[in-house]
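Notes follow once the structure below has been shown.
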Amino acid sequence: MNHGEMIKFEAGVDDFVGHLKSELRRNALQLKKVSVPQCLATYRVSNLEMQAHLRLVLLGYPNGEPIARVSWLGSSGEERTCCYVNDVFEAITLKSNGRWVRSKRNPKETCLRELAHLLDGS
1163 MNHGEMIKFE AGVDDFVGHL KSELRRNALQ LKKVSVPQCL ATYRVSNLEM QAHLRLVLLG
1223 YPNGEPIARV SWLGSSGEER TCCYVNDVFE AITLKSNGRW VRSKRNPKET CLRELAHLLD
1283 GS
């Protein structure tokens, strides 16, 4: 995607969200912007019959720590989340008390397993 295409897309977001906010207000609901997720990196898996993209999306800085979601996006639009990681790429998980803590999961192994599930269609 080139810069011009990105600008066109960004311009459309405001109208889309504005209309969505209006519809939600009719049902006494509010839509508030809380952060701007940023896709920091996207990689495409080659040598496959179907396309799969590995994405790293920055979700924000709760408690001052950066958090990112690592996921696969399949050709049919299905997204499979591998894990959430901190800035040193340790897997983390959200506890019921709202705090992110380090997980025992291995991010690399989890990503390989999720890719296998995506390719199997399970």
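Adding 1162 to a residue's 1-based position in the sequence shown gives its number in this note's numbering. All C-beta atoms in this analysis are idealised placements derived from N, C-alpha and C, irrespective of residue type, glycine included.
- Bounds of the beta strand (DSSP E) holding Ala1230 are 1229-1236.
- Pairing Leu1235 with Tyr1205, the inter-Cα distance amounts to about 10 Å.
- For Asn1259, the closest C-alpha among the options Arg1187, Asn1189, Asn1225 is that of Asn1225.
- For the pair Arg1231 and Val1250, the CB atoms are not nearer than the 7 Å cut-off.
- Across the structure, Ala1190 and Leu1182 are spaced so that their CA atoms are roughly 13 Å apart.
- For the set Ala1173, Gly1239, Glu1227, Gln1192, the Cα lying nearest the Cα of Leu1216 is the one of Gly1239.
- Look at Val1179 here: in three-state DSSP terms it is helix.
- Judged by beta-carbon spacing, Glu1276 lies within the 7 Å limit of Cys1244, meaning their Cβ atoms are closer than that value.
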